[in-house]
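>
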Ligand SMILES: NC(=O)c1ccc[n+]([C@@H]2O[C@H](COP(=O)([O-])OP(=O)(O)OC[C@H]3O[C@@H](n4cnc5c(N)ncnc54)[C@H](OP(=O)(O)O)[C@@H]3O)[C@@H](O)[C@H]2O)c1
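Numbering (my numbering), first residue to last: 3 to 252.
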């Protein structure tokens, strides 16, 4: 089966490409670096010709509010229109657990716009909602740093390793469309401020984490239910300690 992975050069995209190729599928890793751009449309029709399944694993190059919204709206519209013309049978996208609860955040308004386009798009689809990737802990610390202090909410998180996410995306590509949303999460629940403090200490970063319930997460105030799934999530296997021991420094 021909499968196109938009964002196939990214963190989750490249791991999903590997998994589906190893099962013998014809997999196109589509991204600007391979000549496929869902914003300009360059290379999209050519990549999609003969494809049955498309996974959208792209991300906005900028996290600035308007740039994110423009990215997901333009990319989503262009991609869904091209998929219809090409006769694609299943559109799969990766979004974030709690997207609908995090609408104070420009990033999550962009993700909701992406989901809304898919639901209205008329193609069979599966939206996979994931919790935060363990690989993103450094990015969370960076986004919440002021000088040598990191201000973070103590709300719950249940982070998932990218290898577990890629397993779920590859499985979704080979399954029938859900025409709805499934949720995935890691095996353990942590307080965000405690986990990032542990991560920074483990990598020898001297920044100190201050737990602050008012601290914003990409613009959104969190409560204990904001980032965790209440929707019977499929659980990954890899714990934080296992991930850190094998992957964190790669
Ligand atoms: N970070 C988290 O904790 C988290 C949690 C849940 C869900 N997600 C979602 O997971 C998805 C994938 O994230 P990631 O961290 O794997 O992304 P990533 O590593 O940043 O990769 C982004 C990918 O998007 C591609 N891309 C950028 N602009 C594009 C364009 N105009 N046309 C086509 N492709 C384009 C990039 O291609 P080039 O390499 O060619 O630039 C790259 O392959 C995102 O949608 C994100 O919202 C993230």
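Built from N, CA and C at the ideal position, the CB exists for glycine as well.
Mind checking residue 205: buried by the 16 CB within 10 Å criterion, or exposed?
Here residue 205 refers to the residue found at position 203 of the chain shown. The residue in question, residue 205, is exposed, as its Cβ has fewer than 16 Cβ neighbours within 10 Å.
> Since residue 13 contacts residue 137 with CB under 8 Å, what's their CB separation in whole angstroms?
Here residue 13 refers to the residue found at position 11 when the chain shown is read from its first residue. Here residue 137 refers to the residue found at position 135 when the chain shown is read from its first residue. The Cβ separation is near 6 Å, so the contact holds.
> By Cβ distance below 6 Å, which residues in the same chain neighbour residue 80 in space, the five residues on each side in sequence not counted?
Along the chain shown, read from residue 1 onward, the residue named residue 80 stands at position 78. 40, 43, listed in sequence order.
> Tell me which same chain residues have a C-beta within less than 6 Å of the C-beta of residue 112, skipping the five on either side of it?
Here residue 112 refers to the residue found at position 110 of the chain shown. Excluding positions up to five away in sequence, the list reads 70, 71, 74.
> Should the region 196 to 215 be regarded as contacting the region 164 to 174, the criterion being three or more beta carbon pairs within less than 8 Å?
Cβ pair count under 8 Å is below three, so no.
> Are residue 316 and residue 90 closer than 9 Å when you measure CB to CB?
Missing from the structure shown is residue 316; the chain here goes from 3 to 252 and no further.
> Rounded to a whole number of angstroms, what is the C-alpha to C-alpha distance between residue 252 and residue 246?
Start at 1 with the first residue of the chain shown, and residue 252 comes out as number 250. Start at 1 with the first residue of the chain shown, and residue 246 comes out as number 244. Note that residue 252 has pLDDT 46, beneath the 50 cutoff, so the model's placement of it is unreliable and the number below is only indicative. Rounded to whole angstroms, residue 252 to residue 246 spans 10 Å at the Cα level.
> What do you reckon, are the CB atoms on residue 7 and residue 19 nearer than 9 Å?
Within the chain shown, numbered from 1, the residue matching residue 7 stands at position 5. Within the chain shown, numbered from 1, the residue matching residue 19 stands at position 17. Going by C-beta atoms, residue 7 is nearer than 9 Å to residue 19.
> Pull the bridge partners of residue 147 from the DSSP assignment, please.
Position 145 of the chain shown, counting from 1, holds the residue named residue 147. According to DSSP, residue 147 bridges with 152.
> So residue 50 and residue 84 are supposed to be a Cβ contact under 8 Å. How far apart are they, rounded?
The sequence position of residue 50 within the chain shown is 48, counting from 1. The sequence position of residue 84 within the chain shown is 82, counting from 1. Indeed they touch by this definition, with Cβ atoms about 6 Å apart.
> If you reduce the DSSP assignment to three classes, tell me which class residue 4 lands in.
Looking up residue 4 in the chain shown gives position 2. Of the three classes helix, strand and coil, the one that applies to residue 4 here is strand, per DSSP.
> Return the chain-ordered list of same chain residues with a C-beta closer than 8 Å to the C-beta of residue 64, the five sequence neighbours on each side being excluded.
The residue given as residue 64 occupies position 62 in the chain shown. Same-chain partners within the cutoff: 70, 73.
> Alpha carbon to alpha carbon, what distance is there between residue 165 and residue 17?
One-based indexing of the chain shown puts residue 17 at position 15. One-based indexing of the chain shown puts residue 165 at position 163. Distance between the alpha carbons of residue 17 and residue 165 is about 7 Å.
> At what residue ranges does the region 63 to 133 contain a whole run of the alpha helix (DSSP H), taking only runs of 4 or more?
Qualifying alpha helix (DSSP H) stretches, in chain order: 67 to 88, 108 to 122.
> Would the beta-carbon of residue 11 be found less than 8 Å away from any heavy atom of ligand 1?
In the chain shown, residue 11 corresponds to position 9, counting from 1. Answer for residue 11: yes, Cβ within range of ligand 1.
> Is the closest heavy atom of ligand 1 to the C-beta of residue 163 under 8 Å?
In the chain shown, counting from the first residue as 1, residue 163 sits at position 161. The answer is no for residue 163.
> Roughly how many whole angstroms lie between the Cα atoms of residue 92 and residue 57?
Translated into the one-based positions of the chain shown, residue 92 becomes position 90. Translated into the one-based positions of the chain shown, residue 57 becomes position 55. Looking at the two C-alpha atoms, the distance is approximately 8 Å.
> If we ignore side chains and look at the alpha-carbon of each, how far apart do residue 109 and residue 27 end up?
Mapped onto the chain shown, residue 109 falls at position 107. Mapped onto the chain shown, residue 27 falls at position 25. When rounded, the distance between both Cα atoms is 33 Å.
> Can you check which of these residues, 209, 249, 159, is closest to residue 232 by C-alpha distance?
As a first step, residue 232 is located in the chain shown; it is residue number 230 there, counting from the start. Among 209, 249, 159, the Cα nearest to that of residue 232 belongs to 159.
> Taking 6 Å as the limit between beta carbons, can you name the residues of its chain near residue 5, skipping five residues before and five after?
By 1-based counting over the chain shown, the position of residue 5 is 3. Contacts found: 22, 27, 29, 55, 175.
> Which one of 105, 213, 121, 66 has the shortest CA to CA distance from residue 82?
Numbered from its first residue, the chain shown carries residue 82 at position 80. Ranking the options by Cα distance to residue 82, first place goes to 121.
> Within the same chain, show all residues whose beta-carbon is closer than 7 Å to that of residue 183, passing over the 5 residues directly before and after it, in chain order.
One-based indexing of the chain shown puts residue 183 at position 181. Cβ within range, chain order: 129, 131.
> With DSSP run on the structure shown, which of helix, strand or coil describes residue 223?
For the purposes of this step, residue 223 is taken as the residue at position 221 of the chain shown. Residue 223 falls in the strand class under three-state DSSP.
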